[in-house]
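Everything on this sheet refers to the single structure shown next.
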Amino acid sequence: MLAYVIRRLLLIIPTLLGIMVVNFVVVQFAPGGPVELMISQIRGRGTDATQRFAGGQGELSGAQQARSTTASSEASKYRGAQGLDPELIKELERTFGFDKPAPERFLLMMGKYLRFDFGTSFYSDRRVVDLVLEKMPVSISLGIWTTLITYLVGIPLGIRKAVRDGSRFDLWTSTAIVVGNAIPGFLFAVLLIVVFAGSSYLHIFPLRGLVSDYFWELPWWEKPLDYLWHMVLPVTAITIGAFTSLTMLTKNSFLDEINKQYVVTARAKGLAEKRVLYGHVFRNAMLLVIAGFPSLLVGVLFTGSVLIEVIFSLDGLGQLGFAAAVNRDYPVMFGTLYFFTLIGLVLKIISDLTYTFVDPRIDFEARG
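Dropping the structure here:
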């Protein structure tokens, strides 16, 4: 197993590199880079925008701000640059690092990422690491609680549905699951707000934020309650989609195993139903469920809660990633992509190791 883990760890390097290369190339062909966005701001707000850019970046001289010569469209590769000083365009390129060829920029970026130096945001002028750490508590809260509830409820419910397949219990729970799966998470979030956090019906839960504004003034024993009170609605909204999928996956996996010959043989030997179900069927049926754990956790933790964060005014990684994409904030985009892809690949290895824990008969090293 050690040799297998080492091989998988070494495979992270080309996998991560390939993902970064593909995304970097795609972004190079996407219109509206940071230089073009800054040009559009200067176009829209004139000299004031130029002065703000100069003050924020600290690299443009007063003489460069004062120039206003006209550059032909052939002299610039950026849309909307006509009429702006060519020296200003060059200064913008130097500021955002676009004065170097794309391959050189990529190599410089990856060299920094190997040292976990993710640079500084173009627009907030803060280190990417600081931004991620600032937003992390919200996303970790949503991700951990959603994953925990999804597995603690979805797996037992799926097993029960498989055991009582075709019963009235299976019928009405399947109906509820289909309805829950048909409702988008953001729409369900709005419904929860209207019913439980609005003035029209009930006002039980808070409308926004991870904690109350007076959180730090509360006694120590009330702080966890205040935090959980704020988590109820957003976690419920996110859990619906993941919960329904996991429940049906668990049920179908168990049904597939229950109908196999080894289960019939175990029952014929007189083994108790619980012994058959949890001693023989469980470890085989859970393999598919475990396989989906890394993608579920990474998806919920880092990418699956953008609309939920917006609706409940939660400033997490979802909103950070969305703002970075809109503003073409490349350090934030590529820094978070590198870091979270690395986490996902490591979680995939952990998932494979969990296979061997659930079913010791699996030997990945022998397959290699």
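Numbering follows my numbering, with no gaps: position 179 of the sequence shown is 242.
Where a beta carbon is used, it is the ideal one built from N, C-alpha and C, also for glycine.
In this text the structure is predicted, and so the values were computed from the model without any measurement.
- Around the CB of Leu74, fewer than 16 other CB atoms lie within 10 Å, so the residue is classed as exposed.
- In the three-state reduction of the DSSP assignment, Arg178 falls in the coil class.
- Ranking Phe179, Tyr264, Arg338, Ile301 by CA distance to the CA of Val195 puts Phe179 first.
- By alpha-carbon distance to Phe87, the top candidate from Asp392, Leu410, Leu408 is Asp392.
- Within the DSSP secondary-structure output, His266 pairs in a beta bridge with Ala260.
- Ile69 sits exposed, since fewer than 16 C-beta atoms from the chains shown fall within 10 Å of its C-beta.
- Phe306 sits close to Thr213, with the two beta carbons spaced by under 8 Å.
- Taking the C-beta atoms as reference points, Asp148 is found no nearer than 8 Å to Glu156.
- In the three-state reduction of the DSSP assignment, Arg338 falls in the helix class, which pools H, G and I.
- Annotation: the stretch 151–214 contains the following complete segments of the alpha helix (DSSP H) (minimum length 4 residues), in chain order: 165–177.
- With respect to Pro200, Ala252 sits apart: the two C-beta atoms are not nearer than 8 Å.
- For His343, there is no enclosing alpha helix (DSSP H), as DSSP marks it with neither H nor E.
- For Trp235, the secondary structure class from DSSP, reduced to helix, strand or coil, is helix.
- Distance check between Phe268 and each of Trp279, Phe278, Ile256, Phe420 places Ile256 closest, using alpha-carbon atoms only.
- In this structure, the alpha-carbon of Leu151 lies about 21 Å from that of Thr183.
- Following the DSSP letters along the chain, one finds Asn322 in no alpha helix (DSSP H), marked with neither H nor E.
- Under the 10 Å beta carbon count, Ala335 is surrounded by fewer than 16 other beta carbons and is classified as exposed.
- Trp284 sits exposed, since fewer than 16 C-beta atoms from the chains shown fall within 10 Å of its C-beta.
- Here Gln382 is buried: its Cβ has 16 or more other Cβ atoms, across all protein chains shown, within 10 Å.
- Nearest C-alpha to Ile412 among Arg71, Leu273, Val352: Arg71.
- Of all C-beta pairs linking the stretch 304–324 to the stretch 233–248, three or more are shorter than 8 Å, placing the two stretches in contact.
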